[in-house]
């Protein structure tokens, strides 16, 4: 079985048919995600405005700066809550659809299949895989995209502010990313081995 990056992308592509019936909610979740990422970046500018203009100006300037900051925080909270609700709903709905499809498929199989198949292994893989998909759709993908957008935007803002500091961070970044990639691949191998062991135990 192929487990490289191309296989991972192909596996993600298989999620699209599962999400297609809920396209309006998917689009709403994407909009909320982009809004939350943009507002996260705007918080830094809001804080800068509060310190530079609010405290340096008169009481009216401070009130206006605090009001802007409060509005940004409220909007970010609303966008984050909306995103979390929508992606959690999508994860639960897709998991329920997969369980229904699996039930319909299994009940249509011939009795000969159940004489040769390791039912414990099948059930273990099904439970683990559906749980993984639910977590992937319900949190991991949206969080990863949001962090990528926020990180890219923050780095661009840092380059505009201090190119020297941005270059230093770019040199340090591989030292952080490479260990994460290494341990992530190791964790996947251990997870697969544990899943197979659970299937063996369930089949006994």
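Residue numbers (the working numbering): 21 to 224. Glycine residues also receive a C-beta, built at the ideal position from the N, C-alpha and C atoms.
- The beta carbon of residue 71 sits closer than 7 Å to none of the beta carbons in its chain outside the five residues before and after it.
- With fewer than 16 other Cβ atoms inside 10 Å of its own Cβ, residue 171 counts as exposed.
- With a beta-carbon spacing of about 33 Å, residue 111 and residue 89 fall beyond the 8 Å limit used to define contacts.
- Excluding residues up to 5 positions away in sequence, nothing lies with its Cβ nearer than 7 Å to the Cβ of residue 51 in the same chain.
- Contact annotation: residue 150 and residue 119 have beta-carbon atoms nearer than 8 Å.
- Counting C-beta pairs closer than 8 Å gives three or more between the stretch 40-56 and the stretch 97-107, which meets the contact rule.
- With contacts defined as CB atoms closer than 8 Å, residue 107 and residue 159 qualify as a contacting pair.
- Secondary structure of residue 166 (DSSP, three-state): helix.
- The continuous alpha helix (DSSP H) containing residue 91 extends over residues 79-127.
- Residue burial annotation: residue 144 is buried, with at least 16 other C-beta atoms found within 10 angstroms of its C-beta.
- Here the alpha carbon of residue 69 sits roughly 45 Å from the alpha carbon of residue 115.
- Considering only 60, 200 and 132, the residue with the shortest C-alpha distance to residue 95 is 60.
- For residue 35 against residue 157, the beta-carbon gap comes to about 7 Å, under 8 Å, which counts as contact.
- Counting along the chain, the unbroken alpha helix (DSSP H) around residue 134 starts and ends at 131-136.
- Classified as exposed, residue 211 has fewer than 16 neighbouring CB atoms from the shown chains inside 10 Å of its CB.
- Comparing alpha carbon positions, the residue from 45, 49, 191 and 38 closest to residue 163 is 49.
- With contacts defined by Cβ atoms closer than 8 Å, residue 146 and residue 123 do not form a contacting pair.
- Membership of residue 50 in the alpha helix (DSSP H) is indicated by the continuous run 43-69.
- Under the DSSP assignment, residue 36 falls in the alpha helix (DSSP H) whose first and last residues are 35-39.
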